[in-house]
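Notes follow the structure.
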Amino acid sequence: MSIFIQILFNSLETGSILALATMGIILIFRTSKAFNYAQGAISMFCAFIAAYFMANTGANVFISTIVGVLGAVGVGVIIDRVVIKRMIKLHSVSKQIVTLGLVIVFLGLAPMFFGNIPYTYRRFAQGTHSIFGATITYSAMVNIAIGIAIMVALFFVIQKTKWGLAVRATASNDVVARMMGIPTSIVTMGAWAVAAALGSLAAMMVAPTTTVNFVMMDSIQITALLACVLGGLGTFFGPVFAAYLIALARNLISFYISSVWADAIVYLLILGILLISPNGIFGKKLVKKV
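Per my numbering, the very first residue in the sequence shown carries number 1; after that it's consecutive.
See the structure below:
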């Protein structure tokens, strides 16, 4: 029983990190009609901002994280105003190719600004606690709490506020939304800013377990994209649920079957689910009326 609880806590922590990255990707996909393949690179760059600030000022981890998140908001706004706004009439495939170009841009800017040496990043909290025989760190508790709290807050905003209504309208049909007086360009800019902030927060949550380096978000980026497809691209809730589901499945398979083949087995399971339900777990088949 204690082993399963340990796996559950580890899955909640990993799932919270994946959920933040996944929510950022699906926000941009629904509002800009394109996958943001640069989400991981942008998050890495903003994690470097926080780590550089921490290393050179001696600030604590919470202040450094706030600086990194604010930097991410600024980066998201700049990307939208300088790049995305100019591609509004382009095909979605063209937009995705541009985001691939942004990966190269941020991978080039990071060593120019911060050097080639990885940075260490402190945990949000120190110490461990035992629950029903399972040991969980206080840092993991903070990560889980932050991830779940942000997801609940975002879903509340999307479902219950005027800004959320504007997001849902833009996601449904941006042309009709503009005709109804919704400032879709502001909505898109906000989506990029929030997505960058979510991704950078995920990067800073995972950084203490590794280092702040150029490839720290690669696996998270890939898994977040898979979560979006698995959960269903037509919903905000589905990809987040899929992120937690993938984290749990990976940890269960890693412990009970094989840690070496865990990722491969998870990918095969995702493929099997998509063969049965091509639109994802919560996705719906879109029917266009002529």
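Backbone N, C-alpha and C fix where the C-beta goes; we use that ideal spot for every residue, glycine too.
- Going by DSSP, threonine 128 is part of the beta strand (DSSP E) stretching over 128 to 131.
- Here the alpha carbon of methionine 23 sits roughly 23 Å from the alpha carbon of valine 175.
- A distance of 8 Å or more separates the beta carbons of phenylalanine 255 and isoleucine 5.
- The Cβ atoms of alanine 19 and glycine 181 do not sit closer than 8 Å to each other.
- Counted as a single uninterrupted DSSP element, the alpha helix (DSSP H) harbouring isoleucine 5 occupies residues 2 to 32.
- In terms of Cα proximity to glutamine 96, the closest of Ala171, Tyr37, Ser258 is Tyr37.
- In the DSSP assignment, threonine 170 falls within the unbroken alpha helix (DSSP H) covering 162 to 172.
- For isoleucine 182, no alpha helix (DSSP H) segment is defined, and its DSSP state is neither H nor E.
- Here the region 76 to 94 does not lie against the region 148 to 158, with fewer than 3 beta-carbon pairs under 8 Å apart.
- Residue range 134 to 137 is occupied by the beta strand (DSSP E) that includes threonine 137.
- Partner residues in the beta bridge of valine 212, as assigned by DSSP, are Tyr119.
- Pairing phenylalanine 35 with isoleucine 25 gives a Cβ-Cβ distance under 8 Å.
- The continuous alpha helix (DSSP H) containing glycine 76 extends over residues 61 to 82.
- About 11 Å separates the Cβ atoms of isoleucine 220 and alanine 207, ruling out a contact at the 8 Å cut-off.
- For glycine 238, the secondary structure class from DSSP, reduced to helix, strand or coil, is helix.
- Check the Cα spacing between serine 185 and each of Ala171, Leu100, Tyr121: the tightest is with Ala171.
- Selection Val142, Tyr121, Gly115, Asn116 evaluated against threonine 128 yields Val142 as nearest (Cα-Cα).
- Straight across, the Cα-Cα distance linking glutamate 13 with asparagine 173 is about 35 Å.
- Pairing methionine 44 with alanine 243, the inter-Cα distance amounts to about 19 Å.
- Collapsing the DSSP output to three states places valine 260 in coil.
- Rounded to the nearest whole angstrom, the C-alpha separation of serine 277 and serine 139 is 37 Å.
- Secondary structure note for leucine 233: it is in no alpha helix (DSSP H), with a DSSP letter that is neither H nor E.
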